[in-house]
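Colleague:
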Amino acid sequence: MEQTQNRSGLSFNAIWQRYGTMGILLLLLAILAILRPGSIFSTESIPQILTQSSVNILIALGEFFAILIAGIDLSVGAVTALSGMMTAKLMIAGLPPAAAVILGVLFGSFLGFINGSLVNATGLHPFIITLGTDAIFRGVTLITSNARSVFGFPASFTVGISSSVIGVPIPVIIALITAVVLGFFTVKTKAGRNIYALGGNQQAAWFSGINVKLHTLLVFIISGTCAGIAGVVLLGRVGAAEPGAASGFSTYAIAATIIGGTSFFGGKGKIFGVVMGGLIIGVINYGMNILTVSSSYQQIVMGVLIIISVFLDKLLATKK
0 MEQTQNRSGL SFNAIWQRYG TMGILLLLLA ILAILRPGSI FSTESIPQIL
50 TQSSVNILIA LGEFFAILIA GIDLSVGAVT ALSGMMTAKL MIAGLPPAAA
100 VILGVLFGSF LGFINGSLVN ATGLHPFIIT LGTDAIFRGV TLITSNARSV
150 FGFPASFTVG ISSSVIGVPI PVIIALITAV VLGFFTVKTK AGRNIYALGG
200 NQQAAWFSGI NVKLHTLLVF IISGTCAGIA GVVLLGRVGA AEPGAASGFS
250 TYAIAATIIG GTSFFGGKGK IFGVVMGGLI IGVINYGMNI LTVSSSYQQI
300 VMGVLIIISV FLDKLLATKK
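The opening position of the sequence shown corresponds to residue 0 in numbering that gives the first Met the number 0, with each subsequent residue numbered one higher.
#1: Kindly list the residues whose CB is nearer than 8 Å to the CB of SER155, restricted to its own chain and excluding five residues on each side of it in sequence; keep chain order.
#2: Determine which residues share a DSSP beta bridge with PRO242 and list them.
#3: Go ahead and label GLU43 buried or exposed: buried means 16 or more other beta carbons lie within 10 angstroms of its beta carbon, across all protein chains shown.
#4: Tell me, please, which residues DSSP counts as bridged to VAL149.
#5: Suppose contacts are defined by Cβ-Cβ distances below 8 Å. Is PHE40 in contact with GLY115 by that definition?
#6: Kindly indicate the opening and closing residues of the alpha helix (DSSP H) around GLU62.
#7: In the DSSP assignment, what are the bridge partners of VAL167?
#8: Using the C-alpha atoms, what's the distance from LEU175 back to GLY259?
#9: Could you tell me the alpha carbon to alpha carbon distance between GLY61 and LEU73, rounded to whole angstroms?
#10: Am I right that ILE194 and PHE64 are in contact with their C-beta atoms under 8 Å? What's the rounded C-beta distance?
#11: What residue range does the alpha helix (DSSP H) around LEU81 cover?
#12: Are at least three pairs of beta-carbons, each pair with one atom in the segment 245-253 and one in the segment 295-304, less than 8 Å apart?
#13: Can you have a look at SER294 and say buried or exposed, based on whether 16 or more other CB atoms are within 10 angstroms of its CB?
#14: Using C-beta distances below 6 Å, list every residue in its chain close to LEU311, excluding the 5 sequence neighbours before and after it, in chain order.
#15: So, GLY277 versus SER52, is the Cβ gap smaller than 8 Å?
#16: Going by beta carbon distance, what residues of the same chain come within less than 8 Å of LEU314, once the five residues before and after it are set aside?
#17: Under DSSP, the alpha helix (DSSP H) around SER41 begins and ends at which residues?
#18: Who are the near neighbours of LEU130 in its chain, counting only those whose CB is closer than 7 Å to its CB and skipping five residues on each side?
#19: So what does DSSP say about HIS124, is it helix, strand or coil?
#20: With DSSP collapsed to three states, give me the class of ARG35.
#21: Can you check which of these residues, GLY238, PHE150, MET85 and PHE106, is closest to THR140 by C-alpha distance?
#22: Let me confirm a value: ALA92 is counted as buried when at least 16 other C-beta atoms fall within 10 Å, else exposed. Which label applies?
#23: So, helix, strand or coil for THR321, using DSSP?
#24: Is the segment 208-223 touching the segment 117-135 in the sense that three or more CB pairs, one from each, lie closer than 8 Å?
#25: Compute the Euclidean distance between the alpha carbons of ALA240 and ILE280, then round it to the nearest angstrom.
#26: For ILE172, name the three-state secondary structure that DSSP assigns.
#27: Taking 8 Å as the threshold (C-beta atoms), are PRO170 and THR50 in contact?
#28: Which one of ASN288, MET21, VAL303 and GLY198 has the shortest CA to CA distance from GLY265?
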């Protein structure tokens with residue numbers, strides 16, 4: 000009897016981990032289809048949802064690695080804004096858009112390097128470090144922009160980001176390529192497997208010969224790089240670099256990662272789940288907009304989703 004219960008318990012956990020995120024997405028789509036028939040499954044709404052979700056997915060992909068090692072990166076929104084601002088400034092200074100984009104993304108990587116270096120040097124939890132750097136990066140963004148929007152860069156850049164390939168928006172393609180590359184990294188490389196081991200048990204990982212500080216640094220560089228890419232995409236979509244860009248996006252990134260099945264306690268999660276989590280956030284935002292729900296309530300919904308997701312993660316972990 001006990002063996003049967005264990006099997007059924009494991010079966011329930013496996014089913015939830017594999018299909019829980021997909022089930023949530025389908026449920027949301029069904030509810031919106033009932034409340035606003037024709038507003039979800041249309042030739043206009045689907046590309047719009049996917050495009051809006053692309054920035055959330057990109058930021059969440061970086062946040063995924065920070066949470067995977069039982070840490071967190073609260074600065075991803077500020078890194079997104081500052082990277083976008085840097086890219087815009089470079090283009091206005093006369094740099095070709097392609098070069099400005101590359102340098103903007105690399106600048107995001109550098110900001111991630113700062114986060115990782117501070118975590119390693121101080122030994123403080125990433126929550127404290129990235130809480131501080133979030134404020135610092137936001138301040139730098141305001142200073143470099145004089146608290147004003149920056150625009151006037153080449154139209155070819157915004158047109159390129161806003162265009163589509165075979166009906167698929169460029170931001171969506173960028174997010175998918177990034178997800179595929181990072182998915183390959185986590186599954187097929189030694190460094191990716193080491194990051195999982197680090198999140199599962201840092202002390203055991205150290206005893207097994209894994210360089211904890213090096214992999215911690217790598218995690219935050221990846222997070223900064225993804226935020227840098229998101230900053231470039233957001234810049235192209237909006238058509239201007241806003242000092243307050245990506246405000247609140249850290250919450251979206253954390254929500255997408257946790258809803259996507261990544262354990263807040265580290266060592267468990269998949270890139271595909273993060274992508275699905277980002278889509279869920281996009282559907283929620285789109286749905287609440289078409290239902291004319293205030294953005295204040297959207298923040299409440301995100302907070303509730305994070306609490307419920309972490310609670311379910313802890314509940315299922317205790318039943319194993």
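Even glycine gets a Cβ: it sits at the ideal position worked out from N, Cα and C.
Modeller: Based on what the coordinates show:
#1: PRO96
#2: The partner list for PRO242 (beta bridge, DSSP) is empty, contrary to what the question assumes.
#3: exposed
#4: ALA240
#5: no
#6: 44-67
#7: VAL164
#8: 16 Å
#9: 11 Å
#10: 7 Å
#11: 75-91
#12: yes
#13: exposed
#14: none
#15: yes
#16: none
#17: Neither: SER41 is in no alpha helix (DSSP H) and is coded neither H nor E.
#18: LEU73
#19: coil
#20: coil
#21: MET85
#22: exposed
#23: This structure gives no information on residue 321, because the portion of the chain shown stretches from 0 to 319.
#24: yes
#25: 23 Å
#26: helix
#27: yes
#28: GLY198
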